[in-house]
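Asks: From first to last, the protein sequence lines stand for chains C and E. For the first sequence, position 264 matches number 264 in the working numbering, and the numbering has no gaps at all. Take the position in the second sequence, starting the count at 1, then add 1000; the result is the number in the working numbering. Virtual Cβ for every residue (Gly too), placed ideally from N, Cα, C. Pasting a structure below so you can have a look.
Number of protein chains: 2
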Amino acid sequence: MRVNDLSSAQVSVVGLGLMGGSLAGALRGRCRRVVGVARRQETIEAAQEHGLIDEGTTELGEGVRQADVVVLATPVRVILRQLAEIGPLLPEGCLLMDLGSTKADIVAAMARLPDHVQPLGGHPMCGKEVSGIAAADPTLYQGRTFILCPLPRTSAAALALGCHLAEAVGAQPLVLEADRQDYLVATLSHLPYLLACALVATADATTSADPAAWQIVASGFRDTSRLAGSDVTMMTDILLTNRAEVLKALRHYAAQLTRLTRLVESGDEEEMGAALSRIRRERLRMFP
Amino acid sequence: MRVNDLSSAQVSVVGLGLMGGSLAGALRGRCRRVVGVARRQETIEAAQEHGLIDEGTTELGEGVRQADVVVLATPVRVILRQLAEIGPLLPEGCLLMDLGSTKADIVAAMARLPDHVQPLGGHPMCGKEVSGIAAADPTLYQGRTFILCPLPRTSAAALALGCHLAEAVGAQPLVLEADRQDYLVATLSHLPYLLACALVATADATTSADPAAWQIVASGFRDTSRLAGSDVTMMTDILLTNRAEVLKALRHYAAQLTRLTRLVESGDEEEMGAALSRIRRERLRMFP
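Have a look at this one:
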C-alpha cells in the first residue's frame, strides 16, 4: 500500500456518471485529492463546475499514474476491459476498486492483475433511475450498504482502506464472497428491474392505447415500474455478466407468479387471504 | 337531488379506514356536516380526535337518514352487501357513491337500488400500503384522478355533485364506463400488486435465508415490492371482483416476462439493448 489512511490518499475515479460523480463528490475533502477521469472533456468540466473533483483528465494513464486508490465507476463490461489494460499504468501498491453491480467476472479479471496492484471488488447498493454527471449527488451513498469482495491476494491493509473509503462516503461496508453477492443481487436488485420492465411492456402493449390510462396510472404503478427507467447500458452489462443467477431468480419468480395466478383463477377466498397475508407479513419484516 | 351544491350538503362516510377517514377529513369544512359511520366506537372516537368528522355513529341507519350524499368507503364486497340493504335507509334524492377499486359488480348492484336514490360509482386513484383510521390523511386525494362511473339512471345533477365532491378533496374527476375502468385498473393497479407479491414471495423462498440479504436489500427492491404491503382484505375483494380482467392482465404480463427471460437466455446484446431501450422510453413517456 502507498498510504494507510484515506486522508493522505489521491483517489482517482474513472468514469464520472451518476455513481462515479457522486462518489468523487462525497470523497472530496476527505482525501488529499480527487482526480476524475472521463472520456469527454465536457464531463470533466461539468464535474468541476459541480465541485465534484479537484482535477480531471481524459487520459487514463495520466489520471491514475500518481493514484493511491483507483475506483473504476464504469459499466461492468467496460470495467472488464479496463482491468485487462490498467495494470501497467498503476503505481506500486495502488488499491484498485470498482463499483460494478456483478462481481464474479470482475473478481476473476482482478485476479489476473500484475502483483504490484492491490485489487478489491466493490458494489454500493444505491442508484437512481437517472444517469450521468448531471444527476450526481454526493449524498447518494449515505446510509447504504457498500459490498466489498476481497481476493485471496488482497492484503488486510488494502481491505481496511476500502472499508474507510466506503465509510467516508457515508456507507456501511459489508464483506461478501463474489458468488454469494451475485446470487443475492440477482433476486434483490436485477429481478426487480426485469419485473418493472415486463410491467411497462405489458401496459405498452395493452392499456397505453387508451387515453384514460394516462390519467389513471397512479403511484402504485409508478413505484413498481420505477427501475424500468434505469440506464440501459448499465443494466445490459449486469444481465450479461450475471446471467446464470438472474435466470435462476426468474425461474423462482415465474413459479411464484403461477402460484398467485392459480389462486386468482380458483377464487378460493380463504387460501388467497392466507397467502397474501403471509406475503404482507414478510414485506413488513423486510421493511418494518 | 336534495341539494345542488356541496357546501350545503351533509355527507355521510360509511367506513372510516384510510380511504374513508381521509375523504372525511378532506371534506370537513367544505360541506355542511361530515358524519362518519364505523362498526366500532373506538374508530369514531379516533376520527373525532383527529378532527376528521363532525359527528359519528356506529348505526348505519342513523348515520345516513339525513344525508344528502352517502359515500361507501368499505372493501368492495362489503360495499356489495351494503348496496343490497341501504336503499330503504336513504332519504329521497340522496346521492349514493362508493370508493371501491372495481366497478362493474358495484354498478350492477347500484342498478338494483330503489328509484328514490341517485347512484354514482367512484374510484379515486390513490392509496397507501398502510391502512386504518390512524393512517388517514386529508391530503391523500390531492392531485389524483377520481374515476366516476354514472349509471344510465344517474341524473346530470347527481353526476355534477359527485364531480364537485371529487374536486373538493383536491382530485380531478374522470368519467369512465365501469367495464373500461376495470380493464384499465387490472393492468395499472391490480397487476402491480400481484407482481410485488410474487417478488416478496421469491425473496422469502430464496435469499431471505441469507442474513446478508437484509443488509443488501435496497431502494429498488423496496419500491418494486411496496404494494405487497397493501391491506389484504381490500386486495382479496378487488381480485375476486375483477378476476377476469386481472387474469387477462396476468397472461399478458407472463408473456412479456417470458420474452425478457428469452433475451437473457440468448445473451444477444444488441436485441437486449434495443428491447430495454424501448421499455425505458415508454417508462419516460408515462412518467416524464
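1. In chain order, what residues of the same chain lie with their CB nearer than 6 Å to the CB of G63/C, ignoring the 5 residues before and after it?
2. Identify which residue in Q1066/E, G1051/E, D1098/E and P1088/E has its Cα closest to the Cα of T1074/E.
3. Thinking C-alpha only, which one of G1020/E, G1229/E and G1121/E is nearest L1159/E?
4. What is the rounded straight-line gap between the Cα of H1252/E and the Cα of T202/C?
5. In its own chain, which residues sit with a C-beta less than 8 Å from the C-beta of L250/C, not counting the 5 before and 5 after it?
6. In its own chain, which residues sit with a C-beta less than 6 Å from the C-beta of G100/C, not counting the 5 before and 5 after it?
7. When DSSP builds the beta bridges, which residues end up paired with D1098/E?
8. Beta carbons nearer than 8 Å to chain C: which residues of the segment 1189 to 1203 of chain E have them?
9. Quick check: the segment 1261 to 1274 of chain E against the segment 158 to 176 of chain C, are at least 3 beta-carbon pairs closer than 8 Å?
10. Between H116/C, A104/C, T102/C and C149/C, which lies nearest to I86/C when the distance is taken from Cα to Cα?
11. Would a check of beta-carbon distances place F1146/E closer than 8 Å to chain C?
12. What does A1104/E reach in chain C if we use C-beta pairs closer than 9 Å?
13. Looking at chain E, which residues of the segment 254 to 285 of chain C have a Cβ within less than 7 Å of any of its Cβ atoms?
14. Would the segment 46 to 61 of chain C and the segment 18 to 37 of chain C be scored as touching if the rule is three or more Cβ pairs under 8 Å?
15. Taking only beta-carbon atoms, is S225/C less than 8 Å away from chain E?
16. On the criterion of 16 or more Cβ atoms from any shown chain inside 10 Å, does D343/C qualify as buried, or is it exposed?
17. My output table needs one value for T58/C: the three-state DSSP class, helix, strand or coil.
18. Along chain E, in chain order, which residues have C-beta atoms closer than 7 Å to that of G51/C?
19. Restricting to runs no shorter than 4 residues, where is the alpha helix (DSSP H) found entirely within the segment 1167 to 1198 of chain E?
20. Check R1033/E in the structure and name its three-state DSSP category.
21. Considering Cα atoms alone, identify which of A1196/E, P1152/E, Y1141/E and F1287/E is closest to A254/C.
22. For the putative contact between G1229/E and R283/C, defined by C-beta atoms under 8 Å, what is the C-beta separation to the nearest angstrom?
23. Between A1046/E and G1021/E, what straight-line distance do the alpha-carbon atoms span, to the nearest angstrom?
24. Have a look at Q181/C and S225/C and give me their C-alpha separation to the nearest angstrom.
25. Give me whichever residues DSSP pairs with I147/C in a beta bridge.
26. Per DSSP, S1230/E forms a beta bridge with which residues?
27. With DSSP as the reference, identify every bridge partner of S266/C, one or two as the case may be.
28. With I216/C and T1145/E assumed to form a contact (beta carbons below 8 Å), what rounded beta-carbon distance in angstroms separates them?
29. Roughly how many angstroms separate the alpha carbons of L60/C and G1127/E, rounded to a whole number?
30. Let me know the secondary structure DSSP gives Q256/C once reduced to three states.
31. In its own chain, which residues sit with a C-beta less than 7 Å from the C-beta of A1157/E, not counting the 5 before and 5 after it?
32. One question on the structure: do T1102/E and T207/C come within less than 8 Å of each other, judged by their Cβ atoms?
33. Buried or exposed, going by whether 16 or more other CB atoms sit within 10 Å of the CB of T258/C?
34. Chain E partners of D5/C, CB-CB under 9 Å?
35. Can you list, in chain order, the residues of its chain with a C-beta nearer than 6 Å to that of Y183/C? Leave out the 5 residues immediately preceding and following it.
36. So L90/C and L96/C are in contact, right, with Cβ under 8 Å, and what is the actual spacing, rounded?
Replies: On the basis of the data shown:
1. S12, V35, V37 and T57
2. For T1074/E, the closest C-alpha among the options Q1066/E, G1051/E, D1098/E and P1088/E is that of D1098/E.
3. G1121/E
4. Taking the straight line joining both Cα atoms gives about 6 Å.
5. L191 and L194
6. V76, I79 and I106
7. L1072/E
8. S1189, L1191, P1192, Y1193, L1194, L1195, A1196, C1197, A1198, L1199, V1200, A1201, T1202 and A1203
9. no
10. H116/C
11. no
12. Correct list: empty, because the minimum Cβ distance to chain C is about 16 Å.
13. Listed in sequence order: A254, Q256, L257, L260, T261, V264, E265, G267, E269, M272, G273, L276, S277, I279, R280, E282, R283 and L284.
14. yes
15. So, interface residue.
16. Outside the displayed range of chain C (1 to 288) lies residue 343/C, so it cannot be described from this structure.
17. coil
18. Simply none; closest approach about 25 Å.
19. 1178 to 1185
20. strand
21. Ranking A1196/E, P1152/E, Y1141/E and F1287/E by Cα distance to A254/C puts A1196/E first.
22. 5 Å
23. For A1046/E and G1021/E, the distance between alpha carbons rounds to 10 Å.
24. 24 Å
25. According to DSSP, which records beta bridges pairwise, I147/C is partnered with H123/C and L174/C.
26. Partner(s): none; S1230/E has no beta bridge.
27. Answer is none; S266/C lacks a bridge partner.
28. 6 Å
29. 50 Å
30. helix
31. Here the set comprises M1001 and N1004.
32. No, these two residues do not count as a Cβ contact at 8 Å.
33. exposed
34. Those within 9 Å of D5/C in chain E number zero; the least Cβ separation is about 26 Å.
35. Contacts found: E245.
36. 6 Å
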